[in-house]
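Numbering (the numbering used here), first residue to last: 105 to 295.
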């Protein structure tokens, strides 16, 4: 059996049919778009007529700076078998902190602490608040690196969570899909 080697060619963003769906085209516009149904027009010709792309082989210098967190993580995410158990434990810790601070008459910050109850089953608001705390903790190790990198296409939302900007800006999708949360590759929250 003889195999021919695979050959890959570059197709620029303006000619990629899949990109059309993320650029805010309506269904009616997609129905009329020949590129969506057939493929880029140059692919319908013989390969000798295809555009040629030059690849630059410019060396790039990378500087890797190891970062050591100044403060140890409050929650050891890795020791929990499920995200649900981790969030429920976080709620219990928040409740204990709130009880202790209430007894010492220290004023609490408003937004998060208003959702924390003192007893009973964990509420949806408490679980959401716990998830935000865990995400912020996971993002601390990457925060400084990405804040220095202006090309990273990131922003912080109104809750201080780093999110990614992308090509789905005009797609009719939930916010979590259009602007996903940035987490480190090694995060226990993604596993």
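Ideal placement from N, C-alpha and C gives every residue a C-beta, glycine not left out.
Inset, instruction - Enumerate in chain order the residues of its own chain whose CB-to-CB distance from residue 263 is below 7 Å, with the five nearest sequence positions on each side excluded. - result: 236
Inset, instruction - Tell me whether residue 120 sits in a helix, a strand or coil according to DSSP, three-state version. - result: coil
Legend entry - Short Cβ contact (8 Å threshold) for residue 195 with residue 234: yes
Inset, instruction - Compare the beta carbon distance of residue 178 and residue 202 with 8 Å and say whether it is the shorter of the two. - result: no
Legend entry - Assigned exposure category for residue 191 - 16 Cβ within 10 Å defines buried: buried
Legend entry - Run of the alpha helix (DSSP H) containing residue 258, from where it starts to where it stops: Taken as a continuous stretch (DSSP letters only), residue 258 belongs to no alpha helix (DSSP H), being part of the beta strand (DSSP E) at 258 to 260.
Inset, instruction - Count the C-beta pairs between the stretch 270 to 282 and the stretch 114 to 134 that are closer than 8 Å, then say yes if the count reaches three, no if not. - result: yes
Inset, instruction - Under 8 Å Cβ to Cβ from residue 144, same chain only, skipping five residues before and after it: list those, please. - result: 115, 119, 120, 121
Inset, instruction - If I'm right that residue 258 touches residue 266 with Cβ under 8 Å, what's the distance once you round it to whole angstroms? - result: 5 Å
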